[in-house]
Amino acid sequence: MDSDELTNKRVHAIARAHDCSIDDVHAALDRHPIELDREEYLRRTLALELLRLDQLEIAFEGKALRDKDVAAGALMTKILERRATLLGLNPPIGHAVQVVQHEPVTRRTSMEEARARLDEFMGIASKPGSEEVH
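Residues in the sequence shown are numbered from 1033 upward in steps of one, following the working numbering.
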């Protein structure tokens, strides 16, 4: 089933349930708050979801903590996780990490460094392959 077919079935079902035309349903969808003021709609939806989570937490808290009900405790954990996700406290799942490997820097030993300084002091040109590494 493709998305158009699914959408059309839902629109037809809404029209039948409310005894209106498909055009009426489309007009109502066009006036949906997410279309009119997205920021306000999302803020209100978040507030409602947080209130629902508060209600669920209150309902299961006693069983989980007082009665030591394992299932209620698991639900409490899921509620707390969901709240943290909605509030942006959990990091997004999955990040693309790129490992960049650089060529190792070759450094002179202290003896090679001492020879180079002595050569420089005495005005002797460095030997090939013994250039200074920065």
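Idealized CB from N, CA, C, for every residue including glycine. Being a predicted model, the structure only gives us computed values, none of them experimental.
Through-space distance from residue j to residue i, alpha-carbon basis
{"i": "P1124", "j": "A1116", "result": "11 Å"}
{"i": "D1055", "j": "H1064", "result": "14 Å"}
{"i": "K1100", "j": "L1061", "result": "46 Å"}
Which of helix, strand or coil DSSP assigns to residue i
{"i": "L1134", "result": "Per the sequence presented here, residue 1134 reads as His, with Leu not at that position. If DSSP states are grouped into helix, strand and coil, H1134 belongs with coil."}
{"i": "H1044", "result": "helix"}
{"i": "V1165", "result": "Note that V1165 scores 49 on pLDDT, short of 50, meaning its location in the model is unreliable; the coordinates nonetheless yield the value given after this. Reduced to three states, the DSSP call for V1165 is coil."}
{"i": "A1148", "result": "helix"}
{"i": "L1074", "result": "helix"}
{"i": "P999", "result": "Any answer about residue 999 is impossible in this case: the structure gives the chain only from 1033 up to 1166."}
Distance CB(residue i)-CB(residue j) smaller than 7 Å
{"i": "A1104", "j": "K1095", "result": "yes"}
{"i": "E1089", "j": "I1111", "result": "yes"}
{"i": "V1057", "j": "A1045", "result": "no"}
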